[in-house]
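Trainee: Here's a structure for you.
Protein chains in written order, with the working numbering: chain B, 163 to 474; chain G, 132 to 404.
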């Protein structure tokens, strides 16, 4: 019985084998299709980077590199323009710093709650909700900052100007909370349960297990999430354009208007800088600076999460 | 202490010849039942666990032996669907009592797991973890604890020159002894071992077995094992579990030479399991 049925199945397979020849062409074609798709994004990236480099190069034929780096004045629209990137970097980093002050504690606390305290049911409910925050268009956050957070802050801090660094900083922080929370939670959930058991069995409380065992074990993933979040904060555009103002300054005053690199690029693209003018090329130089910042951040995040991955 | 007013005579056929003395028992398990959701994993378990002896728990897979040992330090609570009733008296206090502090229980009752589970920290930090969370900060005392615990776990000579290295660099057997050292560092009263050698090679197993013999001078040990020879070699008393019930519990020599129950005999002689 057994033999016979085996025999007929093997026969059927043999018959089908001839048909499979038809698929051989598709078999060979598919990898090429996939490769092409993969290449599209790689080529686009290369194209963008090359454009950035060429246009930046054009910019530096008119403006000295030294001036760009060292000068502390950014007045591209003056009769006697000055192109010192420092005010834009100051504005960008200031907003990113405020954002991280908000996002790190709240994001990390949410991650600890979700990974160490919440029941499975709660986690399955809360995590998607948290991630909805990440899906809100940034322009909505921008208006939220300008029309809600800023007036609220003006009640607390008299003299806070309508455009300031504090409000968009806070809102950028709120925007990246889900990112920190979600990535940190992933890192903490990846810590083997046996490690928690070991700690509980020594008489640890839940908080001690979370802070002294799970957190250190997941540290690489957690730090990587911070770095990616910083990168996101630096690149954030709409919120800072809408609520941050357009006042490039090296002052660290969070209550007055600032300008970030991204907001400057928006300002120039929306304005009527003629093609080929120095002002036009300047957005590429700023874009290049921004790109270097976020690239470095992402590389650091990658190295951190890779270097410490094999700890457990 | 109060909890012990419940002094009804539990069936203790095995202990009749020895003077039954509560002080000699670290644990007294009384009519323990446990459910995972709707599946009952432990049925009316009664068991006294003697001080400074090795008590082995044997039985086929799924008989409830691991579940049982994990109720002794309430680790079963980590699984939300677990429900228990009955009582477990540890040193005359019911550990299921609402006021009973589980952290305190787990400090007195250490546990070694099936797979070595050191923390991703240095060897030194692994050992001092317990003392540190319980508030010991003095560097000198901690140094002493590390040396004493590692010596107690027969690991000191192998690692004394690399205490600052990550524990994951140790072999499986060394990691398991590190886990024992980590457990000894808080000077527990009882050590629970849940198949501590099942993930180890024969030589590491032998070392752990020798260590258990050494440790019973100072600690009461409960060890779950699926290896009957191991139970025979190292334990003083043996309990045979089957389908969540204790079938037989007696001196190891009695269990292995003249078991009273047919099922025990069948299991011991390798007819199933």
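Virtual Cβ for every residue (Gly too), placed ideally from N, Cα, C. Predicted model, so just to flag it, every value in this text is computed and none were measured.
#1: With residue 306 (chain G) as the anchor, note down where its alpha helix (DSSP H) starts and where it stops.
#2: Does the beta-carbon of residue 262 (chain B), which I'm using as the reference point, lie nearer than 7 Å to any heavy atom of the ligand ZN?
#3: Mind checking residue 179 (chain B): buried by the 16 CB within 10 Å criterion, or exposed?
#4: Based on the DSSP output, what are the partners of residue 370 (chain G) in its beta bridges?
#5: Using C-beta distances below 6 Å, list every residue in its chain close to residue 393 (chain B), excluding the 5 sequence neighbours before and after it, in chain order.
#6: Beta carbons nearer than 8 Å to chain G: which residues of the region 362 to 396 of chain B have them?
#7: Examine the Cβ distances between the region 325 to 334 of chain B and the region 407 to 419 of chain B and report whether three or more of them are shorter than 8 Å.
#8: Excluding the 5 residues flanking residue 314 (chain G) on each side, which residues of the same chain have their C-beta closer than 8 Å to its C-beta?
#9: Under a three-way DSSP split, which group does residue 158 (chain G) fall into?
#10: Reducing DSSP to helix, strand and coil, say where residue 152 (chain G) ends up.
#11: Please tell me whether residue 234 (chain G) has its Cβ less than 8 Å away from any Cβ of chain B.
#12: Quick one: what's got a C-beta closer than 6 Å to residue 235 (chain B)'s C-beta in the same chain, skipping five residues either side?
#13: Taking C-beta to C-beta, are residue 359 (chain B) and residue 264 (chain G) nearer than 8 Å?
#14: Can you grab the Cα-Cα spacing for the pair residue 232 (chain G) / residue 367 (chain G), in whole Å?
#15: Tell me the DSSP secondary structure of residue 464 (chain B) in three-state form.
#16: Count the other C-beta atoms from every protein chain shown that fall within 10 angstroms of the C-beta of residue 228 (chain B), then say buried if there are 16 or more, exposed otherwise.
#17: Quick check: the region 444 to 451 of chain B against the region 208 to 226 of chain B, are there 3 or more CB pairs under 8 Å?
#18: Helix, strand or coil: how does DSSP classify residue 183 (chain G) here?
#19: Beta-carbon within less than 8 Å of residue 152 (chain G)'s beta-carbon, same chain only, minus the 5 sequence neighbours each way: which residues are those?
#20: Does any C-beta atom of chain B lie closer than 8 Å to the C-beta of residue 266 (chain G)?
#21: Does the separation of the CB atoms of residue 389 (chain B) and residue 462 (chain B) fall below 8 Å?
#22: Who are the near neighbours of residue 217 (chain B) in its chain, counting only those whose CB is closer than 7 Å to its CB and skipping five residues on each side?
#23: Where residue 263 (chain B) and residue 429 (chain B) are concerned, what is the direct C-alpha to C-alpha distance, given to the nearest angstrom?
#24: I'd like to know whether the C-beta atoms of residue 186 (chain G) and residue 198 (chain G) end up nearer to each other than 8 Å.
#25: Any C-beta of chain B within less than 7 Å: which residues of the region 376 to 398 of chain G qualify?
#26: Please go through the same chain and pick out, in chain order, the residues whose beta-carbon is closer than 7 Å to the beta-carbon of residue 295 (chain G), but skip the five residues on each side of it.
#27: Using only the alpha-carbon positions, how far apart do residue 402 (chain B) and residue 337 (chain B) sit?
#28: In angstroms with no decimal places, state the Cα-to-Cα distance between residue 196 (chain G) and residue 180 (chain G).
#29: Using a threshold of 8 Å, state whether the C-beta atoms of residue 200 (chain G) and residue 355 (chain G) are closer than that.
#30: Mind listing the chain C neighbours of residue 356 (chain B)? Cutoff is C-beta to C-beta under 8 Å, in chain order.
#31: Express the C-alpha separation of residue 440 (chain B) and residue 251 (chain B) in angstroms, rounding to a whole number.
#32: With three or more beta-carbon pairs closer than 8 Å as the criterion, would you say the region 278 to 291 of chain G touches the region 329 to 336 of chain G?
#33: Under 7 Å Cβ to Cβ from residue 178 (chain G), same chain only, skipping five residues before and after it: list those, please.
#34: Less than 8 Å between the beta carbons of residue 374 (chain G) and residue 309 (chain G), yes or no?
Mentor: Judging by the given coordinates:
#1: Residue numbering aside, residue 306 (chain G) sits at position 175 when the second chain is read from its first letter. Looking at the DSSP string, the run of the alpha helix (DSSP H) that includes residue 306 (chain G) is 303 to 315.
#2: Judged by which ligands are present, the structure shown has none, so any question about the ligand ZN falls away.
#3: Reading the first chain from its first residue, position 17 is the one you call residue 179 (chain B). Looking at its Cβ environment, which holds fewer than 16 other Cβ atoms inside 10 Å, residue 179 (chain B) is exposed.
#4: Here the question's residue 370 (chain G) lines up with position 239 in the second chain. Its beta-bridge partners are G:188 and G:380.
#5: Numbered from 1 along the first chain, position 231 holds the residue referred to as residue 393 (chain B). Excluding sequence neighbours, residue 393 (chain B) sits near 456, 459 and 460.
#6: 362, 363, 364, 365, 366, 367, 370, 374, 375, 378 and 379
#7: yes
#8: Locating residue 314 (chain G) in the second chain gives position 183, where the first residue counts as 1. The residues are 241, 242, 243, 261 and 322.
#9: Taking the first residue of the second chain as position 1, residue 158 (chain G) is located at position 27. Residue 158 (chain G) falls in the strand class under three-state DSSP.
#10: Against the second chain, residue 152 (chain G) aligns to sequence position 21. Its pLDDT being 46, under 50, residue 152 (chain G) is placed unreliably by the model, and the measurement read from it follows with that caveat. Residue 152 (chain G) falls in the coil class under three-state DSSP.
#11: Indexing the second chain from 1 puts residue 234 (chain G) at position 103. Interface residue, yes.
#12: Indexing the first chain from 1 puts residue 235 (chain B) at position 73. Excluding positions up to five away in sequence, the list reads 244 and 246.
#13: What you label residue 359 (chain B) is simply residue 197 of the first chain in a count that begins at 1. What you label residue 264 (chain G) is simply residue 133 of the second chain in a count that begins at 1. In this structure, residue 359 (chain B) keeps its C-beta atom at 8 Å or more from the C-beta atom of residue 264 (chain G).
#14: Taking the second chain and counting its residues from 1, one reaches residue 232 (chain G) at position 101. Taking the second chain and counting its residues from 1, one reaches residue 367 (chain G) at position 236. Rounded to the nearest whole angstrom, the C-alpha separation of residue 232 (chain G) and residue 367 (chain G) is 30 Å.
#15: Counted from its first residue, the first chain places residue 464 (chain B) at position 302. It is helical.
#16: Translated into the one-based positions of the first chain, residue 228 (chain B) becomes position 66. The residue in question, residue 228 (chain B), is exposed, as its Cβ has fewer than 16 Cβ neighbours within 10 Å.
#17: Output reads yes: the region 208 to 226 of chain B touches the region 444 to 451 of chain B.
#18: Within the second chain, residue 183 (chain G) is the residue found at index 52, counting from 1. In this structure, residue 183 (chain G) counts as coil in the three-state DSSP scheme.
#19: Looking up residue 152 (chain G) in the second chain gives position 21. Its pLDDT being 46, under 50, residue 152 (chain G) is placed unreliably in this model, and the value from its coordinates should be taken loosely. Around residue 152 (chain G): no qualifying Cβ.
#20: Mapped onto the second chain, residue 266 (chain G) falls at position 135. No, no contact with chain B.
#21: The residue you call residue 389 (chain B) lines up with position 227 of the first chain. The residue you call residue 462 (chain B) lines up with position 300 of the first chain. The answer is yes: Cβ separation under 8 Å.
#22: Position 55 of the first chain holds residue 217 (chain B). Taken in chain order, the residues that qualify are 443 and 446.
#23: Indexing the first chain from 1 puts residue 263 (chain B) at position 101. Indexing the first chain from 1 puts residue 429 (chain B) at position 267. The straight-line gap from Cα to Cα measures roughly 27 Å.
#24: To locate residue 186 (chain G), count along the second chain from 1; it is residue 55. To locate residue 198 (chain G), count along the second chain from 1; it is residue 67. Residue 198 (chain G) sits away from residue 186 (chain G), with the two beta carbons spaced by 8 Å or more.
#25: none
#26: Within the second chain, residue 295 (chain G) is the residue found at index 164, counting from 1. Contacts found: 253 and 255.
#27: Numbered from its first residue, the first chain carries residue 402 (chain B) at position 240. Numbered from its first residue, the first chain carries residue 337 (chain B) at position 175. Near 12 Å, if we compare the C-alpha coordinates of residue 337 (chain B) and residue 402 (chain B).
#28: Residue numbering aside, residue 196 (chain G) sits at position 65 when the second chain is read from its first letter. Residue numbering aside, residue 180 (chain G) sits at position 49 when the second chain is read from its first letter. Computed Cα separation, rounded: 14 Å.
#29: On the second chain, residue 200 (chain G) is found 69 positions in, with the first residue counted as 1. On the second chain, residue 355 (chain G) is found 224 positions in, with the first residue counted as 1. Yes, Cβ-Cβ distance for residue 200 (chain G) and residue 355 (chain G) is below 8 Å.
#30: Protein chains B and G are contained in the structure displayed, whereas chain C is not.
#31: Within the first chain, the letter at position 89 stands for residue 251 (chain B). Within the first chain, the letter at position 278 stands for residue 440 (chain B). For residue 251 (chain B) and residue 440 (chain B), the distance between alpha carbons rounds to 19 Å.
#32: no
#33: Start at 1 with the first residue of the second chain, and residue 178 (chain G) comes out as number 47. Here the set comprises 160, 370, 377 and 380.
#34: One-based indexing of the second chain puts residue 374 (chain G) at position 243. One-based indexing of the second chain puts residue 309 (chain G) at position 178. Cβ atoms of residue 374 (chain G) and residue 309 (chain G): not closer than 8 Å.
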